[in-house]
Structure formats: structure tokens, C-alpha cells
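Novice:
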Amino acid sequence: MQHKEKPSEANLTELIEFVLLDFADVPHLRWLLFGLFSVIYIAIVMSNGIIFLITKLDPALQTPMYYFLGNFSFLEICYVSVTLPRMLMNLWTQRRTISLVACATQMCCILVLGATECFLLTVMAYDRYVAICNPLHYPLVMNHKICIQLVAGSWISGIPVQIGQTFQIFSLSFCGSNLIDHFFCDIPPIIKLACGDTFVSEMLIYIAAVLIVTIPFLLILISYSKIISTVLQLPSATSRAKAFSTCSSHLIVVALFFGSAVITYLRPKHSHSAGIDKVLSLFYTIVTPMFNPMIYSLRNKDVIMALRRLLYK
Numbered sequence: 001m002q003h004k005e006k007p008s009e010a011n012l013t014e015l016i017e018f019v020l021l022d023f024a025d026v027p028h029l030r031w032l033l034f035g036l037f038s039v040i041y042i043a044i045v046m047s048n049g050i051i052f053l054i055t056k057l058d059p060a061l062q063t064p065m066y067y068f069l070g071n072f073s074f075l076e077i078c079y080v081s082v083t084l085p086r087m088l089m090n091l092w093t094q095r096r097t098i099s100l101v102a103c104a105t106q107m108c109c110i111l112v113l114g115a116t117e118c119f120l121l122t123v124m125a126y127d128r129y130v131a132i133c134n135p136l137h138y139p140l141v142m143n144h145k146i147c148i149q150l151v152a153g154s155w156i157s158g159i160p161v162q163i164g165q166t167f168q169i170f171s172l173s174f175c176g177s178n179l180i181d182h183f184f185c186d187i188p189p190i191i192k193l194a195c196g197d198t199f200v201s202e203m204l205i206y207i208a209a210v211l212i213v214t215i216p217f218l219l220i221l222i223s224y225s226k227i228i229s230t231v232l233q234l235p236s237a238t239s240r241a242k243a244f245s246t247c248s249s250h251l252i253v254v255a256l257f258f259g260s261a262v263i264t265y266l267r268p269k270h271s272h273s274a275g276i277d278k279v280l281s282l283f284y285t286i287v288t289p290m291f292n293p294m295i296y297s298l299r300n301k302d303v304i305m306a307l308r309r310l311l312y313k
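Residue numbers 1 to 313, in the UniProt record's numbering, belong to the letters of the sequence shown in order.
(1) To the nearest angstrom, report how far apart Tyr41 and Tyr126 are at their CA atoms.
(2) Taking Met203 and Ile44 to be in contact with their CB atoms under 8 Å, please state how far apart those CB atoms are, rounded to whole angstroms.
(3) Jot down the residue ranges of each uninterrupted beta strand (DSSP E) in the region 228-273, minimum 3 residues, whole runs only, in chain order.
(4) Counting only runs of 4+ residues fully inside the region 155-217, write out the alpha helix (DSSP H) ranges in chain order.
(5) Quick one: does the C-beta of Ile191 sit closer than 7 Å to a heavy atom of the ligand MG?
(6) Determine, using beta-carbon pairs with one atom in the region 111-118 and one in the region 127-145, whether at least three such pairs fall under 8 Å.
(7) Take Val101 as the anchor and find which of Leu61, Cys185, Gly49 and Ile159 has the nearest alpha-carbon.
(8) Is the CB-CB distance between Ile180 and Phe34 below 8 Å?
(9) Which residue from Lys145, Phe119, Thr285 and Ser223 puts its Cα closest to that of Ser154?
(10) Please identify the residue among Val130, Asn143 and Pro160 whose C-alpha is closest to the C-alpha of Ile228.
(11) Check this for me: beta carbons of Asp302 and Ala60, under 8 Å apart or not?
(12) Cα separation between Leu12 and Phe170?
(13) Among the residues of its own chain, which have a CB less than 8 Å from the CB of Ser189, if the five just before and after it don't count?
(14) Using alpha carbons as the reference points, say which of Thr97, Gly196, Val82 and Asn300 lies closest to Met107.
(15) Leu294 to Thr264, Cα distance in whole Å?
(16) Note down, in chain order, each residue of its chain lying with its Cβ closer than 6 Å to the Cβ of Thr230, except the 5 sequence neighbours on either side.
(17) Can you give me the start and stop residues for the alpha helix (DSSP H) that Val112 sits inside?
(18) Let me know the secondary structure DSSP gives Phe74 once reduced to three states.
(19) Determine the direct distance from the alpha carbon of Tyr296 to that of Ile222, and round the result to whole angstroms.
(20) Pull up the distance between the alpha-carbon of Arg95 and that of Asp22, whole angstroms please.
(21) Given this structure, state the Cα-to-Cα distance separating Cys175 from Ile98, to the nearest angstrom.
(22) Distance, Cα to Cα, Phe74 vs Val123?
(23) Taking buried to mean at least 16 other C-beta atoms within 10 Å of its own C-beta, is Val80 buried or exposed?
(24) What does the alpha-carbon distance come out to for the pair Asp58 and Met89?
(25) Keeping to the same chain, check which residues put their C-beta closer than 6 Å to that of Leu310; ignore five residues upstream and five downstream.
(26) Could you please give the first and the last residue of the uninterrupted alpha helix (DSSP H) stretch that includes Val45?
(27) Looking at the strands, I want to know which residues DSSP matches up with Thr97.
(28) Do the CB positions of Thr288 and Val253 come within less than 8 Å of each other?
(29) In chain order, what residues of the same chain lie with their CB nearer than 7 Å to the CB of Ala306, ignoring the 5 residues before and after it?
(30) According to the neighbour-count rule (16 or more other Cβ atoms, all chains shown, within 10 Å of its Cβ), is Ile312 buried or exposed?
What follows is the structure, encoded as C-alpha cells:
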């Protein structure tokens, strides 16, 4: 284990603030990026907000599937609001400094909301599994009380682990550069700035990633393998098409979110690069929330009809 030297007085500022470089390497694209991400943020908030609203107000959408979808849309609004407003402010003001406390808070919120998304996507897969594989037991298994418990569990389960992980990472010594080559306080770029031995932190990150990302992903795959097996046995081509349509929407979101998260947090440290980390982070923090309404809603007749009823009112 390497000896951690006490930071010199000249480096004390690095212990209380960082600098988020975000897109500082392309200053000529500053206003283009600001406009693009502003439009994306407004679109994400409005589209997910509409889905959340209609799943709460429309009587035809008071089913477990839409209850989970409404919560998922609300989660996406929270998730994107942790990163994009700060990035837009940095692009507008060019003041990229972020305090140690603000950086730790942002990381903790991202990790907690990311864990919630993993668990909620697993719950949604379980809901489809029960609906398709055990339709006669569906009203009993997925009653309102169970749905509330599953959603509450999804929101709460990751909090202790992610708070502990954030505390452990920010208890490291940062005695080198304070430049974060990223657009938010994510784990890989923060770990790069730590001096001394980071082996324990990296092992805890892998363990948390396995518990929160890999296990839910495997449960989703198991659920959908059983769903696909059951769907293929349905006698009606119409029933098969409807079931596949519903499931494929969910699988697209799962592939986008889990694929980028697994590559970000489970690939070897030596293969990390700032450019790849930024692209992957864009997928699970911006692309998934942006495409969620289109994937779930434009292919769903019930949601489209509910939106029309809301507009007519």
C-alpha cells in the first residue's frame, strides 16, 4: 500500500473544490451545446412529466404497469435534473468550479437514483413476467399494496449502500490535480484524482456494481427468457405481437441503461478514458430519459388515447 502524504498548504484548495471540465476542450461549440442540451432538458422534463401526469389522472391507466411507468418517468426527471442544470450553468457562465460537498452530494444523488432505476426496471420486468406467465394470479400478486411496497423498496434500497460508497470515496486524499474531466461528479474521474492506494475503494465499487447493477440485470434476463418462452407458446399471432410489443419497449430501455452502466463501472481501470466515460455517461443520464417517453408511449395505444383525452379536456 502506498504511503499517503499530507497535502501541502498550496494544495488545500484542491481539498475543498474541484473543476468540472465538461466540454472545455471544444470552446467553439459552447453555445451550440448549451442550446442542444437546453432543448433536451426541456423535452425530457415535459415528456416524462406528461406521462407521470396521465398515469395519475387517467382512470384507464390505473393498473400496475402504468403505476410503475409513472414512477419511472418521475425518476427520469429527478435523474436528469441532477446533472443537466449544472452542466448548462457551467456552459453559460464558464465558471466550472464545484465544492467538495456539492460534488459529493451530486455523486450520491446520481448513485441513489441510478440504483433506484436498476431496481425499478427489475420490478417492471417482474410485473410483465407475472402478467404474461401467470395471468390468472396477476390481480392477486400485483395488488395495489404490493405495487406500493415494490416501488418504495426500489427507491429506498440503494440509499444506505450509495451513501456509504460516496462517503468512502470522498474520505480519500485528493492531493494532485483538482480537474475533473467530466460533466458531473462520477466515480471513475474522481477516483483518478485520489492519491495513495485506492484498491479498497475500487473493490467496494465493483461489489456495489455487482449487487445493484449485475444482479438486477440477470433477474431481468431470467424474467424475459421465461416471458419469451411463454409468448412463443401463445396460439394467437395477435396476442404474441401485443406481448412482444410491450416487452420490447422495456428491453430497449434496459439495454440502453444497463449496457452503459455495466461498461462504465465494471470494466478494468486501465481501459478507462475521459472521452469514453463521457459518452457512456450521456447514455444512462440523458439518452435513456430522453427516449423513455418515445419508447413507451408512441408504441402504446393506451397512453396515446389517454394523452388525447387529456388534451381534449
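All residues carry an ideal CB built from backbone N, CA and C; glycine is no exception. Small disclaimer: the values here were computed from a predicted structure and weren't measured.
Specialist: Reading from the atomic positions:
(1) One C-alpha to the other measures close to 30 Å.
(2) With a Cβ gap of about 34 Å, Met203 and Ile44 do not count as contacting.
(3) DSSP assignment within the region 228-273 yields no whole beta strand (DSSP E) run of 3 residues or more.
(4) Runs of the alpha helix (DSSP H) inside the region 155-217: 159-170, 187-193 and 199-209.
(5) With respect to the ligand MG, the structure offers nothing, as it holds no ligand at all.
(6) The region 111-118 vs the region 127-145: no contact.
(7) Closest option to Val101, Cα to Cα, is Cys185.
(8) Their beta carbons are not under 8 Å apart, which means Ile180 does not touch Phe34 by this criterion.
(9) Across the set Lys145, Phe119, Thr285 and Ser223, the C-alpha of Phe119 shows the shortest separation from the C-alpha of Ser154.
(10) Proximity to Ile228 across Val130, Asn143 and Pro160 peaks at Val130, based on C-alpha coordinates.
(11) Yes, the Cβ-Cβ distance between Asp302 and Ala60 is below 8 Å.
(12) For Leu12, the predicted structure reports a pLDDT of 38, less than 50, and the residue's modelled location is therefore unreliable. A value from the coordinates is still provided. If I take the Cα positions, the gap works out to 15 Å.
(13) The identity of residue 189 in the sequence shown is Pro, whereas the question assumes Ser. These residues qualify, in order along the chain: Ile180, Asp181, His182, Ala274 and Asp277.
(14) If we check each option's Cα against that of Met107, Val82 comes out closest.
(15) Reading off the sequence shown, one finds Met at residue 294, where the question assumed Leu. Cα to Cα, the separation comes out at about 25 Å.
(16) The residues are Ile132 and Cys133.
(17) Per DSSP, Val112 belongs to the alpha helix (DSSP H) from Leu100 to Cys133.
(18) Helix.
(19) Answer to the nearest angstrom: the Cα atoms are 21 Å apart.
(20) Arg95 and Asp22: Cα-Cα distance of roughly 11 Å.
(21) Approximately 16 Å between the Cα atoms of the pair.
(22) Distance between the alpha carbons of Phe74 and Val123: 16 Å.
(23) By the neighbour-count rule (16 or more Cβ atoms within 10 Å), Val80 is buried.
(24) Cα atoms of Asp58 and Met89: separation of roughly 36 Å, rounded to the nearest angstrom.
(25) So the qualifying residues of the chain are Ile54.
(26) Arg30 to Leu57 is the span of the alpha helix (DSSP H), which, as asked, contains Val45.
(27) As a beta-bridge residue in DSSP terms, Thr97 pairs with Val19.
(28) The answer is yes: Cβ separation under 8 Å.
(29) The beta carbon of Ala306 lies closer than 7 Å to those of Ile54, Asp58, Ala60 and Leu61 in the same chain, with the five residues before and after it left out.
(30) What sits at residue 312 in the sequence shown is Tyr, not Ile. By the C-beta density criterion, Tyr312 is exposed, having fewer than 16 other C-beta atoms within 10 angstroms.
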